[in-house]
Amino acid sequence: MTGPSTFGLSNEARNLHWLLTNLVEEVPGLLSVAVVSSDGLLLLSSDPGRNAEAQEADTGGSAGPRGSSADLATIISGIGSLTIGAAKLMDYGGVKQTMVAMAEGSLFVMSISDGSLLGVHGSPDCDMSVVAYHMALFVGRAGHVLTPELRSELRKSLETAGSAR
């Protein structure tokens, strides 16, 4: 993983980038990780370069970039909304974590705070219990710092990085 530049970001934003980098580097089998705001916008990604690559490959008429951070953010947001709605209908309280096991990989979504979500795309051979444990550590460490001000700063830094490419 090549991390995005954290130059000019607040200490909290740099710490969040560091936590995400640590998550990806410490847990074998993680393909990509994204943090999404409650309104579905990508805040932080383990593979920001893939967005630019996918957009360059998307030359008209295509359904959109495949495998990019934006795609992962969209999926995380959709699954988050679906499970939150299901929990409300069943009166079971808040959703803590959702896991989708597929033939060629796994997807994990965990609530952070104020509707923000952490999503992880894992390889088929990743250890699901290790992934869930490290996601919970990330959420515990990141949840209290993910304030509206920090979310705004992260969005702006992604927009700035996207327009610089």
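Residues in the sequence shown are numbered consecutively from 1384, following this note's numbering. Ideal placement from N, C-alpha and C gives every residue a C-beta, glycine not left out. Values in this document were obtained by computation on a predicted structure and should not be read as measured data.
{"Asked": "Helix, strand or coil at Gly1498 according to DSSP, with G and I counted as helix", "Found": "coil"}
{"Asked": "Contact check, Gly1477 vs Ala1469, beta carbons under 8 Å", "Found": "no"}
{"Asked": "Span separating the alpha-carbon of Val1492 from that of Thr1481", "Found": "5 Å"}
{"Asked": "Leu1533 beta carbon less than 8 Å from that of Ala1375", "Found": "The question about residue 1375 has no answer, for the chain in this structure spans 1384 to 1548."}
{"Asked": "Distance between Ser1428 and Arg1538 (C-alpha atoms, nearest Å)", "Found": "11 Å"}
{"Asked": "For Val1522, the first and last residue of its enclosing beta strand (DSSP E)", "Found": "Segment 1511 to 1525 is the alpha helix (DSSP H) holding Val1522; no beta strand (DSSP E) there."}
{"Asked": "Gly1455, enclosing alpha helix (DSSP H) - first and last residue", "Found": "Residue 1455 is actually Leu in this sequence, not Gly. Leu1455 -> alpha helix (DSSP H) spans 1452 to 1473."}
{"Asked": "Ser1512 versus Ser1452: straight-line alpha-carbon distance, rounded", "Found": "24 Å"}
{"Asked": "Cα-Cα separation between Gly1526 and Asp1474, rounded to whole angstroms", "Found": "24 Å"}
{"Asked": "Same chain only: Cβ atoms within 7 Å of His1517, ignoring 5 sequence neighbours per side", "Found": "Leu1406, Glu1409, Val1410"}
{"Asked": "Where Ser1415 sits in the DSSP three-state scheme", "Found": "strand"}
{"Asked": "Proximity below 8 Å, CB of Ser1393 to CB of Ser1499", "Found": "no"}
{"Asked": "Beta-bridge partners of His1504, as assigned by DSSP", "Found": "Ser1415, Leu1490"}
{"Asked": "Beta-carbon spacing of Ile1467, Gly1502 below 8 Å", "Found": "no"}
{"Asked": "Backbone secondary structure at Thr1543 - three-state DSSP", "Found": "helix"}
{"Asked": "Local conformation of Ser1420 per DSSP, three classes", "Found": "coil"}
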